[in-house]
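Written below as structure tokens is the structure these notes are about.
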Amino acid sequence: MHEYDHDFGHRRRGRRRFDDELDELSTPSSRKTLPEDDFEDADAPEGADRWSTWADSPPTARGPRPYPDWLVTELAAVDTDLGLLKTGKEADVSLLRRGVPDTDRSCLLARKQYRSSEHRMFHRDAGYLEGRRMKESRSNRAMARRTDFGRELIAEQWAGAEFAALTQLWQVSHDLGAPVVPYPVQTLGTELLMEFVGDHVTGEGAPRLAQIRPTPEQAHDLWQQAVAALGVLARCGLAHGDLSAYNVLVHNGRLVLIDLPQVVDLIANPHGPRLLFRDVGNLATWFGGRGVPDLDARQVTTHLLAQAGVV
Ligand SMILES: Nc1ncnc2c1ncn2[C@@H]1O[C@H](COP(=O)(O)OP(=O)(O)O)[C@@H](O)[C@H]1O
Ligand SMILES: [Mg+2]
């Protein structure tokens, strides 16, 4: 019997209320620009909000090479905020155009701005900070006391952690033939820029899994894609850690996992198997409700743990 069998056996806490369900309530009906944001740059060129920040991130904070053809890396490029895609408790995601003025070189990016303001909720911080020890004790103290500086550091760590997870997962899945996460473009401070998943003409973001009504056949196909995507994570020794139908986008029938700052190390984290089981269970419940028969979350979890090398 696996450890997670035991944990699951005692799991009866009623329906889990997803944080993202609450998020839905705060989704703006039409785009507006970000509040309390220092996005605009005083010496930005006319018509844009800032110069491209590409050169400001060190190579280690930029996406995997070779850089994709669509990605604008020119130093002459400018960034223009096209408005919010989604506000969240911990981050705001907006649409950004990065383009070289007077040329047709441009791309759309999703910009995830982790909040460091007091209004931000910290529900993920406790566990995360527990597992990490920063060398500099001044930073530790600042984070523990939630000073402005400490909050900024926490937000930066989240952006860095999500960037690192995306980088690993994009690379591995790309090498296998089909990326399961958006291409990570760069991270800088509390900001993460990634490939925009959605309609590049209208600028409309791809729907979350929770928003679509697939036929049973489509649902079956999406479930298989989900299991394959989790297989990629497992082979990297990872579980998503906050997986639900709200953190999965579906673009032209293709499934993309997002929101990965809290990825869980299946080998080092003693709760890894249980968290993986929870992730799988969340999706299995959703897909089960959409007509996919015979979903066995336990069996899938066992299979994924084997892929991760956890026995
Ligand atoms: N790369 C992306 N392309 C398109 N939309 C995105 C992208 N990343 C995030 N979003 C949108 O922003 C929302 C919030 O992003 P997410 O990473 O889940 O952050 P949060 O921590 O706020 O839940 C998503 O549900 C999705 O609608
Ligand atoms: Mg989310």
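Just so you know, the numbering used here puts 340 at position 224 of the sequence shown, and the rest follows in order with no gaps. Cβ coordinates follow ideal geometry from the N, Cα and C atoms, glycine included. As the structure is a computational prediction, the values presented were derived from the model and not from experiment.
Backbone secondary structure at residue i - three-state DSSP
i    : result
A226 : strand
W170 : helix
P175 : helix
L141 : The predicted model places L141 with a pLDDT of 43, which falls under 50 and marks its position as unreliable; any figure quoted below should be read in that light. Looking at L141 - three-state DSSP - the assignment turns out to be helix.
P332 : helix
D76  : Outside the displayed span of the chain (117 to 427) sits residue 76, for which this structure offers no information.
G163 : coil
D220 : coil
R214 : strand
R254 : helix
V301 : strand
V209 : strand
G276 : helix
D291 : helix
T318 : coil
R129 : Its pLDDT being 40, under 50, R129 is placed unreliably by the model, and nothing is read from it.
L187 : coil
T283 : helix
D121 : For D121, the predicted structure reports a pLDDT of 42, less than 50, and the residue's modelled location is therefore unreliable. A value from the coordinates is still provided. Three-state result, D121: helix.
Integer Cβ distance of residue i from residue j, believed to fall under 8 Å
i    : j    : result
L269 : A258 : 6 Å
A355 : L382 : 6 Å
W167 : V194 : 6 Å
V297 : L376 : 7 Å
T303 : P180 : About 13 Å; that fails the 8 Å criterion.
A271 : Y230 : 4 Å
L399 : L359 : 6 Å
L446 : K228 : This structure cannot settle anything about residue 446, because the visible part of the chain is limited to 117 through 427.
L373 : P323 : 14 Å between Cβ atoms; not a contact.
R262 : P330 : That pair is no contact at about 42 Å.
| query | In chain order, which continuous runs of the alpha helix (DSSP H) of length 4 or greater are located wholly inside the segment 338-420? | reply | 388-404
| What residues sit near ligand 1, counting only those whose C-beta is closer than 7 Å to one of its heavy atoms, in chain order? | D136, D139, L201, K202, G204, K205, E206, A207, V209, A226, K228, P298, M310, E311, F312, V313, G314, G321, A322, R324, Y362, N363, L365, I374 and D375
| said: Does the segment 385-393 come into contact with the segment 310-322, if we say contact requires no fewer than three beta-carbon pairs (one atom in each stretch) closer than 8 Å? | reply: no
| said: So, does the segment 337-357 touch the segment 391-403, judging by three or more C-beta pairs under 8 Å? | reply: yes
| task | Would you be able to state if there are at least three C-beta pairs under 8 Å between the segment 301-316 and the segment 217-228? | result | yes
| query | Any contact of the segment 280-295 with the segment 328-337, i.e. 3+ C-beta pairs under 8 Å? | reply | no
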